[in-house]
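Down below is the structure, laid out as C-alpha cells.
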Amino acid sequence: MSPSSLFLTLFLSTLSSAYILTHYAGPGCRSQSLGRTEVAVDPAGPPCHQEFAGTAASLIVAPNENDDDFGSVVVFFTGDDCKPSDIINFDDEGCMTGNYGSFQVWDLWKVDGLQTPVLS
C-alpha cells in the first residue's frame, strides 16, 4: 500500500457518520418534542429503526456534535422494514416533515459502483 493510500485509509477511518434525530408531534419541527434517537453507520450493515414511527409528524436531522458528517445520509421509508423501493425522503441535516415507517443511515461510500478516490 502506498503512503498516500495508507493516509487516505487512516483519514477516512477516523471519520464516522452519526446523527441525532429529534422527533416532534407536529409539523415543522416546532411542536412538542417526543424524544431523541442517535443513529450511526454500522459496519455490520445498517440497522432498520422505527423509533417514533407513526407518532412523529416531523423531525430534525443533525450531525452528532463531535462528528463530521462524511458520505452518509439518513434514509426514510414508508414501511417498517427499510425496503429500498419504499424510500420517501433522505437528509443529512435539517427539518423533515412527513410520516415515516422506518429509517436507517446509509454509508454512500459503500454504494455499488462508488469507490473512495485514489490519491496519486
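Mapped onto mature numbering (1 follows the signal peptide of the UniProt record, and there is no 0), the consecutive letters of the sequence shown carry residue numbers -18 to -1, 1 to 102.
The beta carbon of each residue, even a glycine, is placed where N, CA and C say it ideally should be.
- Item | Nearest candidate by alpha-carbon position, reference R12, set T79, V87, G83 | The residue you call residue 12 lines up with position 30 of the sequence shown. Nearest option by C-alpha distance: T79.
- Item | Strand pairing of P45, partner residues [DSSP] | Numbered from its first residue, the sequence shown carries residue 45 at position 63. According to DSSP, P45 bridges with Y1.
- Query: If you count every other CB in all the chains shown that lies within 10 Å of the CB of P9, and 16 or more means buried, which is it?
  - Reply: Counted from its first residue, the sequence shown places residue 9 at position 27. By the 10 Å Cβ count, P9 comes out exposed.
- Query: Which value, in whole angstroms, describes the spacing of the CA atoms of F58 and G36?
  - Reply: Translated into positions along the sequence shown, residue 58 becomes position 76. Translated into positions along the sequence shown, residue 36 becomes position 54. Those two C-alpha atoms are separated by around 13 Å.
- Query: Is it buried or exposed for S67, if we count other Cβ within 10 angstroms and need 16 for buried?
  - Reply: Stepping through the sequence shown from its first residue, residue 67 is reached at position 85. Exposed, because fewer than 16 other Cβ atoms sit within 10 Å of the Cβ of S67.
- Message: Can you give me the C-alpha to C-alpha distance between Q14 and G53, rounded to a whole angstrom?
- Response: Here residue 14 refers to the residue found at position 32 when the sequence shown is read from its first residue. Here residue 53 refers to the residue found at position 71 when the sequence shown is read from its first residue. Taking the straight line from one Cα to the other gives about 31 Å.
- Message: Can you find the residues in the same chain that come closer than 7 Å, C-beta to C-beta, to S(-17), ignoring five residues on each side of it along the sequence?
- Response: Here residue -17 refers to the residue found at position 2 of the sequence shown. With a pLDDT of 44 at S(-17), under the threshold of 50, the modelled position of that residue is not reliable, and the figure given next carries that caveat. Cβ within range, chain order: n/a, list empty.
- Query: Tell me, which residues are paired with R18 by DSSP?
  - Reply: Position 36 of the sequence shown, counted from the start, is the residue given in the question as residue 18. R18 is bridged to T4.
- Could you have a look at S13 and say whether DSSP puts it in helix, strand or coil? Taking the sequence shown and counting its residues from 1, the one referred to as residue 13 is at position 31. Of the three classes helix, strand and coil, the one that applies to S13 here is coil, per DSSP.
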